[in-house]
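Note that full-length UniProt numbering numbers the sequence shown so that position 194 is 194, with each residue one more than the last.
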Amino acid sequence: MPNREDVAAGAYHTLFLRKDGTVWAWGQNTKGQLGKGTTSPTSTTPSQLTGLPPIKAIAAGGSHSLALDDDGHLWTWGDNANGQLGMGSMGATPVTSPVFVVLPGNPTLVAVAAGFMHSMALDTAGGVWVWGNNSNGQLGIGASPTNLTTPTTVSISGGAKSIASGWYHSFAVGNGGAAWVWGKNNAGQIGNGTSGATNRTTPFQVPITGTVTMLAGGQNHSLALLSDGKVMGDDTARSLRAERRAGARGWRLPRRGALLGVPRVDLGPEQQRPARARCHHTRHFLVTAARRSAAHVLLRQ
1 MPNREDVAAG AYHTLFLRKD GTVWAWGQNT KGQLGKGTTS PTSTTPSQLT GLPPIKAIAA
61 GGSHSLALDD DGHLWTWGDN ANGQLGMGSM GATPVTSPVF VVLPGNPTLV AVAAGFMHSM
121 ALDTAGGVWV WGNNSNGQLG IGASPTNLTT PTTVSISGGA KSIASGWYHS FAVGNGGAAW
181 VWGKNNAGQI GNGTSGATNR TTPFQVPITG TVTMLAGGQN HSLALLSDGK VMGDDTARSL
241 RAERRAGARG WRLPRRGALL GVPRVDLGPE QQRPARARCH HTRHFLVTAA RRSAAHVLLR
301 Q
């Protein structure tokens, strides 16, 4: 049985995947992102989505949602103004119930990720698929087209083993442990030593020393989890400021990184290696310890 139980946070909505493969949703629904068949404004209590087979992975974007079923097939719903549902079309009318989407060649998918207006998927062969808005080069296929309604692959040398997305930038961890980033770079989130109006429209390999196991992105920042348990990123906006919580271990970092440059701040004693990392769209980065059932570090931008 696939390893289930997950949570995904969009801009104003939340998805929860239960161990039984059901998906539950709550929050804003003005674009049908809750998959309830309507665009009712808000749902303050979780409700189960209907019409889905057993699901093994979920992702939430700005106002759209993604899910992978046990057979590795894609389901999407919500806002489709920029083609982020991958249906081959786009428009102002939201898709309020989950729809089955077949990618070209019908690959088996193992992971999904969602940006603010774009989407990503990873297949069993290490291929990275992208679609939706490309106004900042976040699809990694060059500066055009502005919107892509049918999923296509982006070239990652040697293939990828995981994917992630910020609001307008995207990530892939290569099979060899390299960090690949592309998209918007207004605050240096690409990690290439620059920031400003010049975006990265094709994948860039970030010069990180060590083996990267996971990447995560917020609205304007990026973070990397290394195999030795270190978390790397910039701290100018206090993105790596750890807060001590009652009953949990944590760190408060005294130094701040430079806005420009490659990732340079790390944290985490060797004996407390994180097993998982997640960065919410704008505010939080979550690290879960390998031997703890609850998160023990909360990093705030």
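Virtual Cβ for every residue (Gly too), placed ideally from N, Cα, C.
A direct Cα-to-Cα measurement between ASN134 and SER227 gives close to 31 Å. It is roughly 35 Å from the alpha-carbon of VAL206 to the alpha-carbon of LYS19. Within the model, the alpha-carbon separation for ALA111 versus HIS169 is close to 17 Å.
Between the alpha carbons of ALA92 and ASN136 lies a gap of roughly 21 Å. Boundaries of the beta strand (DSSP E) around HIS169: 169-174.
The Cβ-Cβ distance between VAL181 and VAL212 does not fall below 8 Å.
Contact between PRO98 and TRP129 fails: their C-beta atoms lie close to 18 Å from each other, not under 8 Å. Excluding the 5 residues flanking it on each side, LEU17 has same chain C-beta neighbours closer than 7 Å at ARG4, GLU5, ASP6, VAL23, ILE55, ILE58, in chain order.
If you draw a straight line from the Cα of ASP79 to the Cα of THR150, it is about 15 Å long.
The straight-line gap separating the alpha-carbon atoms of THR108 and THR152 is approximately 14 Å. According to the DSSP secondary-structure assignment, GLN48 is paired through a beta bridge with TRP24.
When the five nearest sequence neighbours on each side are left out, the beta carbons in the same chain lying within less than 6 Å of the beta carbon of ALA121 are those of LEU109, VAL112, TRP129, in order along the chain. For the 8 Å CB-CB criterion, SER63 and ALA11 form a contact.
Distance between ASP123 and VAL102, taken at the CA atoms: about 13 Å. For SER89, same chain residues with a beta-carbon under 7 Å away, outside a window of 5 residues either side, are THR149 in chain order. DSSP places PHE116 outside both helix and strand once states are collapsed to three, so it counts as coil. Under DSSP, HIS73 shares a beta bridge with no residue. Approximately 19 Å separates the beta-carbon atoms of GLY115 and SER155; this is outside 8 Å, ruling out the contact. Excluding the 5 residues flanking it on each side, GLY142 has same chain C-beta neighbours closer than 7 Å at THR201, THR202, in chain order.
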